[in-house]
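Before any comments, here is the structure.
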Amino acid sequence: MSDWVVDLIEKTGYLGVGFLMFLETVFPPIPSEVIMPLAGVSAAQGPMTLGGVIASGTAGAMFGNFFWYLVARVIGIERFRPLIDKHGRWLTLDWYDIEKAERLFGRFGSVIVGVGRMLPTVRSVVSVPAGLLHMRLKNFLIWSTIGTAGWSSALAIAGYFLGQQFEDINAILGPLSSIVIGAIVLAYVWRQLTWRKRHPRG
Numbered sequence: 024m025s026d027w028v029v030d031l032i033e034k035t036g037y038l039g040v041g042f043l044m045f046l047e048t049v050f051p052p053i054p055s056e057v058i059m060p061l062a063g064v065s066a067a068q069g070p071m072t073l074g075g076v077i078a079s080g081t082a083g084a085m086f087g088n089f090f091w092y093l094v095a096r097v098i099g100i101e102r103f104r105p106l107i108d109k110h111g112r113w114l115t116l117d118w119y120d121i122e123k124a125e126r127l128f129g130r131f132g133s134v135i136v137g138v139g140r141m142l143p144t145v146r147s148v149v150s151v152p153a154g155l156l157h158m159r160l161k162n163f164l165i166w167s168t169i170g171t172a173g174w175s176s177a178l179a180i181a182g183y184f185l186g187q188q189f190e191d192i193n194a195i196l197g198p199l200s201s202i203v204i205g206a207i208v209l210a211y212v213w214r215q216l217t218w219r220k221r222h223p224r225g
């Protein structure tokens with residue numbers, strides 16, 4: 024899978040890195056855990072620089088982040104109310120949860136988005152609730168950029184210094200991704216099991 028990524032980066036340089044990270048954010052064909060370390064390896068071999076690779080990867084991902092934020096903001100959470108009212112049990116959401124999330128994003132949205140950008144799985148979807156709940160665009164862009172730059176930098180630097188042994192990165196991030204996904208699944212199961220307790224009349 025990585026061969027064509029390497030080929031694209033070698034032929035198009037920074038533009039290819041940015042394009043791949045944009046695709047990864049909008050419709051993930053391959054994870055950033057592959058793209059940015061390979062870009063870091065290419066930077067170590069020249070002629071690209073590590074700083075240029077990080078900047079182009081961050082910019083590409085931010086275009087994707089902004090795309091999903093705009094889509095979610097245009098749709099708006101109110102359009103989902105009939106769906107939540109009808110299928111809230113299986114979504115493990117009711118309108119009180121939505122209002123609580125809205126207040127949470129109002130107070131801590133910057134932290135949620137900034138930290139979320141550096142977590143596998145979460146980083147790809149955190150733009151959606153930010154847009155649906157109308158997080159301030161300025162805060163979204165600032166904290167998304169900070170988190171995305173941190174994630175892109177860590178992966179690119181690892182590839183830069185590990186060289187062709189970039190597979191070692193996946194040995195670390197693979198289990199971390201599994202832990203995050205497992206936590207999401209457990210949270211869903213727990214909310215299903217406690218649904219009647221929280222909604223005795225439902």
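Each residue of the sequence shown is one higher than the one before, starting from 24 at the first, in my numbering.
Idealized CB from N, CA, C, for every residue including glycine.
If we ignore side chains and look at the alpha-carbon of each, how far apart do M158 and L216 end up?
In a straight line, the C-alpha of M158 is about 31 Å away from that of L216.
Rounded to whole angstroms, how far is the Cβ of L178 from the Cβ of E56, which I believe are closer than 8 Å?
The pair is a contact, with the Cβ atoms about 6 Å apart (cut-off 8 Å).
Which ranges would you report for the alpha helix (DSSP H) in the region 28–66 if only whole runs of at least 4 residues count?
Segments of the alpha helix (DSSP H) lying fully in the region 28–66: 37–49.
What are the boundary residues of the alpha helix (DSSP H) that M141 is part of?
Element bounds for M141: n/a, residue is neither H nor E.
For P105, name the three-state secondary structure that DSSP assigns.
Three-state DSSP puts P105 in a helix.
State the start and end residues of the unbroken alpha helix (DSSP H) segment that holds G170.
Taken as a continuous stretch (DSSP letters only), the alpha helix (DSSP H) holding G170 covers L160 to L185.
Cα-Cα, which of W91, P70 and I77 is closest to L46?
Minimum Cα distance to L46 is reached at W91.
What do you reckon, are the CB atoms on G41 and G80 nearer than 8 Å?
Judged by their CB atoms, G41 and G80 are nearer to each other than the 8 Å cut-off.
Quick one: measure Cβ to Cβ for V94 and G36, integer angstroms, because I've assumed they're closer than 8 Å.
The beta-carbon separation of V94 and G36, rounded to 29 Å, does not stay under the 8 Å limit for a contact.
Among T144, Y211 and M44, whose alpha-carbon lies nearest the alpha-carbon of A78?
Among T144, Y211 and M44, the Cα nearest to that of A78 is on M44.
Assign I58 to buried or exposed, taking buried as 16 or more other Cβ atoms, counted over all protein chains shown, within 10 Å of its Cβ.
Here I58 is buried. Its C-beta has 16 or more other C-beta atoms within 10 Å.
Hey, L156 and F128 are a contact pair by Cβ (cut 8 Å); roughly how many whole angstroms apart?
Their Cβ separation, rounded to whole angstroms, is 5 Å, which keeps L156 and F128 in contact under 8 Å.
C-beta contact flag for A66 and L73 at 8 Å
Cβ atoms of A66 and L73: closer than 8 Å.
By the three-class DSSP mapping on this structure, what secondary structure does G20 have?
There is simply no residue 20 to check, as the chain begins at 24 and stops at 225 in what is shown.
Using the Cα positions of D117 and V29, report the straight-line distance between them to the nearest angstrom.
Approximately 46 Å between the Cα atoms of the pair.
Does W174 pass the burial test, meaning 16 or more other C-beta atoms within 10 Å, or should it be called exposed?
W174 sits buried, since 16 or more C-beta atoms from the chains shown fall within 10 Å of its C-beta.
Give me the residue from G139, L142, I135 and P152 with the minimum Cα distance to E243.
Nothing can be reported for residue 243, as the shown portion of the chain is limited to 24 through 225.
Would you call F163 buried or exposed, if buried means 16 or more other Cβ atoms sit within 10 Å of its Cβ?
A residue is called buried once 16 or more other Cβ atoms fall within 10 Å of its Cβ, and F163 is buried on that count.
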